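Using the numbering used here, read the sequence shown as starting at 7 and increasing by one per residue.
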Amino acid sequence: MKIKRPSKDLYYMGIAQEVARRSTCYRRFFGTIVVKDDQIISTGYVGAPRKTKDCLEHGNCLRDKLNIPHGQRYEICRSVHSEQNAIINSARAGVSLLDATVYLYGEDPKTGKAIEAFPCFICKKMIINSGVATVICSTDKGKVKKYKVSTWANEWHKNDIIDDKTQYGKKENKKATKRKTKKRKK
Ligand SMILES: [Zn+2]
Ligand SMILES: [Zn+2]
């Protein structure tokens with residue numbers, strides 16, 4: 007009998023996907039797991055702070071209601087991002103994330119399909135300072151994309167942070183603007 011085992015990356019991404027299913031926001035499901043020496047040392051999903059009312063309980067997502075494009079205006083988001091929760095949960099457990107690997111899985115809850123996941127600005131900054139070495143993100147083709155965190159820091163050292171080329175929701179922002187312009191013409 008031939009048994010086909012998943013690669014380590016897809017195995018961990020599958021666990022991150024399961025974690026994402028606990029998300030409490032309609033907009034996007036995200037799950038993060040942190041792996042070090044082949045052990046899962048922390049997990050996190052998108053969710054409102056402990057013991058507060060989340061988007062599902064409110065029956066709406068504020069940012070959805072106000073039509074805010076992905077990647078913008080995080081100050082009016084009820085949730086703590088999955089990467090942030092993974093970092094916070096490691097502090098609760100007293101576990102260091104130095105040189106660890108983050109797996110980030112993203113999904114559109116409306117379609118149940120994986121998306122090109124990528125940390126937002128705020129999470130990127132936190133990931134750099136947490137000491138995580140590698141970030142592995144889900145793609146919409148069911149594969150993974152790897153990023154070296156030191157490259158992000160180097161890029162931001164050379165250019166300004168606001169010149170960031172890779173940004174979550176950038177494409178979607180463009181589409182959103184296009185849609186708006188089309189509507190206006192009608
Ligand atoms: Zn929400
Ligand atoms: Zn984030």
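We put the CB at the ideal spot given by N, CA and C, even for glycine.
Keep in mind that this is a model prediction, so the values were computed, not measured.
In this structure, the CA atom of P55 is about 14 angstroms from the CA atom of I93. Those residues placing their Cβ nearer than 5 angstroms to any heavy atom of ligand 2 are, following chain order, H87, C126 and C129. Short note on R79: C-beta not closer than 6 angstroms to any heavy atom of ligand 1. Note that the C-beta distance between Y109 and I47 is not below 7 angstroms. Taken through DSSP and simplified to helix, strand or coil, C67 comes out as coil. Note that the segment 74-81 does not touch the segment 58-65; fewer than 3 beta-carbon pairs, one per stretch, sit closer than 8 angstroms. When distances are taken from the beta-carbon of R56 to the heavy atoms of ligand 1, even the shortest one reaches 6 angstroms or more.
From the listed residues D70, E81, T107 and L104, the smallest Cα separation to C126 is found for E81.
Short note on R33: C-beta closer than 6 angstroms to some heavy atom of ligand 1. Assignment of beta-bridge partners to V41 by DSSP yields I46 and T107. Taken in chain order, the unbroken stretches of alpha helix (DSSP H) that lie wholly in the segment 121-160 and span 4 residues or more are 127-136. One Cα belongs to V86, the other to P12, and the distance between them is close to 30 angstroms. With fewer than three CB-CB distances shorter than 8 angstroms, the segment 109-122 does not count as touching the segment 154-168. Using a Cβ distance threshold of 7 angstroms, M19 and V141 do not count as a contacting pair.
If you draw a straight line from the Cα of G37 to the Cα of K164, it is about 31 angstroms long. Taking the Cα positions, N66 is about 14 angstroms away from F35. In this structure, the CA atom of K42 is about 7 angstroms from the CA atom of D105.
DSSP, reduced to helix, strand and coil, places G112 within a strand of the structure shown. Collapsing the DSSP output to three states places K164 in a helix.
Bounds of the alpha helix (DSSP H) holding Y18 are K14 to A26.
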